[in-house]
Amino acid sequence: MVHKISHFSKAEHEAKERDTVTGTPVSLHQIGNLPILHDRQHVLLFWRKYTTTLPVCHPLPGLCYNGSKKEKKGTMLETIPERLEKMSRDYRGKVAISFRGTRILYRDLPGIIAQEVAAMQQAGIRPGTRVVTAIGNSWHALRFYLAALTLGVIPIPLSPRTPEDMQVNILHAASAQFLLRETPLKDQDVPCAILRENGEISYPSTFLPSSIPLPEFESPVAALFCTSGTTGMPKLVMLTHRNILSDIDSCFDLVDISPEDRMLGVLPMFHVFGFSIAYLLPLMKGMTLTIVPSLYPLEELIAALREDQSTVFLGVPAMFSILTGARRKTSFDLYPLRLLICGGDALPSRVREAFEEAFGLRIIEGYGITEASPVVAVNPSPEVRVPGSAGPVISAIRLRIVNDAGEDLRTNEVGEILLAGDPISPGYFANPEENARAFREGWFCTGDLGRMDERGILYIEGRKKEVIIVSGFNVYPQEVEEVLLGFPGVAQAAVVGVKRELRGEMVKAYIVPQEGVSLKPREIVDFCRKHLPPHKVPRLVEIVPGLPQTVTGKVMKYLLTQATSEKEYEA
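Right, dumping it as structure tokens:
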């Protein structure tokens, strides 16, 4: 069946300033059902778009992927506020943002942002000011970020759950002037602004001086993002307006998405995947964005989904696992969502299959990294996805896969992923050692391992630092973890290498059992022997109640490798 796709022109959008159900004008803070601007299943002809973005791979000595770059006049030096100003004209009568019954039209966004900018200026905040933000998801938080981007203030977003001393440490590392929190600091003597529940912000009377200047680039720095910290102390990644906009534009060109879609924003704003793709992309492309503070309470998420008729959802693996678990306890569906994208970490096949069986919706996967703003590759749609892959590389990115000598590898050979292109960060703030290590000869060295097949589909094999060398053979932890997750009763698995005197490196597995399940390490090892070559089978197994994780669910393996336990089982 072919479904008609309706596209609204600018004039048609401007004409839709009345609720399509009641006929009443849509006000700035109208409460009730959102006007439905379309009623159709979103079907696009992807194969044309998909095949034009795939590279033609030949059996050459090396492989360097160059996305099919589309030149767009006037966008390369465009800033995020300038793009938003354009959207406010093109989609003036359309709802831009919905949050707990409050709806803001595109035409009203510039005025609201200008008011916030004026309040910041009155408090003494000037362009170039840096602020560490530890605030949750809300319209008020997004309004602050949009005002900051407009004024030229540099946010450094953190999770509200970040310990206070870590917030202060990052403030000093970023040479920031103040913190923005939802509650006052308890024991720290630094300037702190408070974002109150009603959206008002009380700014401090004084600010810290900035001791380290921010580098200047052709495109101004928009924000500093902390790396997820799975291998130690976070680094501060500088992302410019060009970085973020080019990544947004390339994602939008590749993925099955249009201005008629409605984004359900649940990802944390402090994470670059949420900040750039879940929250800025909809506003940069004329979509309607619904903001939900978190997955819980589930009733609020489902109510927002129904109320606003959201069609697109972005999540990390833990979110899809949580939704599947909730479905087992209570009956609900995710209609009318049609496009679900997973990023942030590898999506275990078991998690994907359980979710898809529970909800009848297919997840598409991608690959990203903070330094790439963040999306590098993504499957375009459920219809053409390659399960277990990251999909094709977006058009703005150039990608190489190299060996330890820096030589390009052939298709399907595993090596380190190097990146270049407009979305790539100009570097880490005030960190010359890491800049010299990671940014070399125009390429960013990701530290991630991957391979590219003959169709130009990217597969991620794990982190270079996490590869385990067993008797001269490479063992990729992600492959072993996939097998372990297939054992009945295993909730989580993490694999690391353990060095033993006279015995070299061995594979160790940390296993978290499902609630109420008792696991026997011997049986887990026997299961692995049936599914893995001998050198990949874990020699050490430890049953643990939980794994150290970042706030987005990534396992901090560097903590696991720092010590062994007497509770482990040795095969």
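Residues 14 to 584 in the numbering used here are what the sequence shown lists, from first letter to last. Quick reminder that beta carbons are idealized off the backbone N, C-alpha and C, glycines included.
Just how far apart, CA to CA, sit residue i and residue j?
| i | j | result |
| --- | --- | --- |
| Pro94 | Ala127 | 11 Å |
| Val503 | Val538 | 13 Å |
| Glu420 | Arg476 | 18 Å |
| Glu320 | Leu314 | 10 Å |
| Lys82 | Ile410 | Caution is warranted here: a pLDDT of 42 is assigned to Lys82, below 50, making its placement in the model unreliable, and the coordinate value is therefore given only provisionally. Cα to Cα, the separation comes out at about 9 Å. |
| Val391 | Val145 | 30 Å |
| Thr337 | Gln190 | 42 Å |
| Val181 | Ala371 | 43 Å |
| Lys521 | Cys541 | 12 Å |
| Ile382 | Arg340 | 30 Å |
| Ser394 | Val268 | 6 Å |
| Thr92 | Tyr523 | 46 Å |
| Thr565 | Ala418 | 34 Å |
| Ser289 | Ser386 | 7 Å |
| Thr563 | Phe265 | 28 Å |
| Thr343 | Arg174 | 28 Å |
| Gly165 | Pro140 | 4 Å |
| Ser531 | Ile125 | 56 Å |
| Leu73 | Asn416 | Residue placement at Leu73 is poorly supported in this model, since its pLDDT is 31, which falls under 50; the coordinates still yield a value, given next. Each residue's alpha carbon lies about 16 Å from the other. |
| Pro176 | Phe442 | 22 Å |
| Leu258 | Ala235 | 11 Å |
| Ala316 | Asp346 | 11 Å |
| His254 | Ala449 | 23 Å |
| Pro547 | Asp260 | 42 Å |
| Ala109 | Gly299 | 7 Å |
| Arg552 | Val493 | 12 Å |
| Glu84 | Ser263 | Here the model assigns Glu84 a pLDDT of 39, short of 50, so the residue's position is not dependable and the matter cannot be decided. |
Return the Cβ separation of residue i and residue j in integer angstroms, given the expectation that the two are a contact with Cβ distance under 8 Å.
| i | j | result |
| --- | --- | --- |
| Ser188 | Ile225 | 4 Å |
| Ala359 | Gly379 | About 11 Å; that fails the 8 Å criterion. |
| Gly328 | Val279 | 7 Å |
| Leu208 | Phe157 | 7 Å |
| Thr301 | Ser151 | 17 Å between Cβ atoms; not a contact. |
Nearest to residue i by alpha carbon, out of the options?
| i | options | result |
| --- | --- | --- |
| Thr324 | Met332, Pro405 and Thr303 | Thr303 |
| Arg143 | Leu155, Cys205, Gly106 and Lys99 | Cys205 |
| Pro222 | Leu237, Val203, Asn211 and Glu231 | Val203 |
| Asp103 | Arg120, Ser111, Ile148 and Arg116 | Arg120 |
| Gly517 | Met332, Val483 and Ile207 | Val483 |
| Arg398 | Val389, Ile354 and Ser386 | Ile354 |
| Met297 | Val509, Asp274, Met100 and Glu528 | Met100 |
| Ser215 | Asp346, Glu555, Pro349 and Met133 | Met133 |
| Arg105 | Ile556, Val406, Asp262 and Ile117 | Ile117 |
| Gly401 | Leu227, Gly428, Met251 and Leu471 | Leu471 |
| Glu528 | Lys478, Pro558 and Ile376 | Pro558 |
| Pro361 | Arg535, Thr163, Arg194 and Glu495 | Glu495 |
| Val305 | Val493, Phe486, Gly469 and Ala154 | Ala154 |
| Asp274 | Ser259, Val388, Arg552 and Pro349 | Pro349 |
| Met282 | Leu560, Lys549, Arg453 and Ile148 | Ile148 |
| Lys276 | Gly287, Pro295 and Ser263 | One point to set straight first is that residue 276 is Met, not Lys, in the sequence displayed. Out of Gly287, Pro295 and Ser263, Pro295 has the C-alpha closest to the C-alpha of Met276. |
| Ser438 | Ala451, Lys199 and Pro330 | Ala451 |
| Glu11 | Leu159, Met569, His544 and Ala235 | What is shown of the chain runs 14 to 584, which leaves residue 11 out entirely. |
| Ile430 | Ser408, Gly440, Ala449 and Val389 | Val389 |
Around the Cβ of residue i, are there at least 16 other Cβ atoms within 10 angstroms (buried) or fewer (exposed)?
| i | result |
| --- | --- |
| Lys567 | buried |
| Arg513 | exposed |
| His284 | buried |
| Thr219 | exposed |
| Thr196 | exposed |
| Leu573 | buried |
| Phe286 | buried |
| Tyr309 | exposed |
Below 8 Å CB to CB, which residues in the same chain sit around residue i once its five sequence neighbours on both sides are set aside?
| i | result |
| --- | --- |
| Asn425 | Arg464, Met465, Asp466 and Glu467 |
| Pro233 | Thr92, Gly165, Thr253 and His254 |
Using a Cβ-Cβ cutoff of less than 6 Å, which residues in the same chain neighbour residue i once the five nearest sequence positions on both sides are dropped?
| i | result |
| --- | --- |
| Ala433 | Arg411, Gly455 and Trp456 |
| Arg363 | Leu498 |
| Ile481 | Val488, Gly510, Glu518 and Val520 |
| Phe230 | Thr253 and Pro439 |
Which residues in the same chain as residue i place their Cβ atom closer than 7 Å to its Cβ, once the five residues preceding and following it in sequence are excluded?
| i | result |
| --- | --- |
| Ile270 | Val325 and Leu352 |
| Pro217 | Phe191, Pro204, Cys205 and Ala206 |
| Phe500 | Ile537 and Phe540 |
| Ile473 | Ala359, Tyr380, Ala403, Asp461 and Gly463 |
| Phe368 | Phe333, Leu336, Thr337 and Ile376 |
| Leu560 | Gln505, Ala507, Tyr523, Val525 and Val568 |
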